[in-house]
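Engineer:
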Amino acid sequence: MPVYVYKCPKCSHMFDHLARTISETAPKCPKCGAEGLEKQFCSFATNKKEPASSCSTGMCSLSRD
Numbered sequence: 091m092p093v094y095v096y097k098c099p100k101c102s103h104m105f106d107h108l109a110r111t112i113s114e115t116a117p118k119c120p121k122c123g124a125e126g127l128e129k130q131f132c133s134f135a136t137n138k139k140e141p142a143s144s145c146s147t148g149m150c151s152l153s154r155d
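So, in structure tokens, the structure goes:
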């Protein structure tokens, strides 16, 4: 399930929202109840020290040499 970050245009409150389905409608602001929230771009990071199982042999077409 994806987690989206929303910002309220009325009170500028930012919060995370766990979307249970893709078709789920945007939530209301939990601070002021406003609608029409702005979905924010959110980056993520991973920490993996081993190669992915699909690229473990070094034959991955996406590898950077």
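FYI, the numbering for the sequence shown is 91 to 155, going by my numbering.
C-beta atoms are modelled at their ideal positions from N, C-alpha and C, and glycine is treated no differently.
1. Leaving aside the five residues before and after Pro99 along the sequence, list all residues of the same chain whose C-beta is less than 8 Å from its C-beta, in chain order.
2. Alpha carbon to alpha carbon, how far is Met137 from Pro120?
3. Measuring CA to CA, which of Tyr94, Pro117, Phe131 and Ala116 is closest to Asp106?
4. Would you list the residues sitting across from Glu128 in a DSSP beta bridge?
5. Mind checking which residues open and close the beta strand (DSSP E) that includes His107?
Structural biologist: The answer reads as follows:
1. Position 9 of the sequence shown, counting from 1, holds the residue named residue 99. Excluding sequence neighbours, Pro99 sits near Ala124, Gly126, Leu127 and Glu128.
2. Residue numbering aside, residue 137 sits at position 47 when the sequence shown is read from its first letter. Residue numbering aside, residue 120 sits at position 30 when the sequence shown is read from its first letter. For clarity, residue 137 is Asn in the given sequence; the question names Met instead. Asn137 and Pro120: Cα-Cα distance of roughly 32 Å.
3. What you label residue 106 is simply residue 16 of the sequence shown in a count that begins at 1. Measuring from the Cα of Asp106, the nearest candidate turns out to be Tyr94.
4. For the purposes of this step, residue 128 is taken as the residue at position 38 of the sequence shown. DSSP, once it has assigned bridges, lists Lys97 as partnering Glu128.
5. Indexing the sequence shown from 1 puts residue 107 at position 17. Met104 to Leu108 is the span of the beta strand (DSSP E), which, as asked, contains His107.
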